[in-house]
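A.B. asks: Residue numbers (UniProt numbering): 1 to 136.
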Amino acid sequence: MLMGRTSYEAFSPVWPDMEDFAGSKAMPKYVVSTTLTEDDLVTHWGETTILRSLDEVAALKETAGGPIIVHGSAALNQSLSDAGLIDRYHLLVFPLLLGAGKRLFSATDKDTQKLKLVEHEAYANGLQKNVFDVVR
């Protein structure tokens, strides 16, 4: 599981004790931050590693540890997308229009990125799940 500092600081006091997220204790966690220190990490949530740069994320991606899942972390997602480090997007579309909020993608000028829909599902409450692979 990969997250930015802000998401880590939001999740780490809560998720370790929640039954719904019990599996998160066993999976390795990586926090991308230039300011977080080892002393800031909680001790009861399993293995957590601080990554200091996108180069370290790219190196992690090259290991045989399986897919890297990002939870929350809007700014991190923008940086990962801009750096071409995302292979698959799991996007949830809620039946709700907001007047403001955090951008999913950065405003940087970059080439069009094609996606291939590989999974989709609609739920009775109007929520839609769309899974896209990045076409390279």
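Using N, Cα and C, we set each Cβ at its ideal position, and we do this for glycine too. These figures come from a predicted structure and were not determined experimentally.
State buried or exposed for I69, treating a residue as buried only when at least 16 other CB atoms are found within 10 Å of its CB.
C.D. replies: Here residue 69 refers to the residue found at position 69 of the sequence shown. Classification of I69: exposed, given that the 10 Å Cβ count is below 16.
A.B. asks: The beta strand (DSSP E) that contains L60, what's its start and end?
C.D. replies: Indexing the sequence shown from 1 puts residue 60 at position 60. Taken as a continuous stretch (DSSP letters only), L60 belongs to no beta strand (DSSP E), being part of the alpha helix (DSSP H) at L54 to K61.
A.B. asks: What residue from L2, D111 and V135 has the CA that sits closest to A58's CA?
C.D. replies: As a first step, residue 58 must be located in the sequence shown, where it is residue number 58. Checking every option, the nearest Cα to that of A58 belongs to L2.
A.B. asks: I believe L15 touches S24 by the beta-carbon criterion, under 8 Å. Please report the beta-carbon distance rounded to the nearest angstrom.
C.D. replies: What you label residue 15 is simply residue 15 of the sequence shown in a count that begins at 1. What you label residue 24 is simply residue 24 of the sequence shown in a count that begins at 1. The sequence as given places Trp at residue 15; Leu does not occur at that position. Right, the Cβ-Cβ distance comes to about 5 Å (below 8 Å), so this counts as a contact.
A.B. asks: Locate the beta strand (DSSP E) running through Q128, then write down its first and last residues.
C.D. replies: Sequence index remark: in the sequence shown, residue 128 carries index 128 (1-based). First-last of the beta strand (DSSP E) with Q128: Q128 to V134.
A.B. asks: How should K110 be labelled, buried or exposed, when 16 other C-beta atoms within 10 angstroms of its C-beta is the threshold for buried?
C.D. replies: As a working note, residue 110 is residue 110 in the sequence shown. Classification for K110: exposed.
A.B. asks: Hey, how far is the Cα of L127 from the Cα of L96?
C.D. replies: Along the sequence shown, one-based indexing puts residue 127 at 127. Along the sequence shown, one-based indexing puts residue 96 at 96. Roughly 9 Å separates the two Cα atoms.
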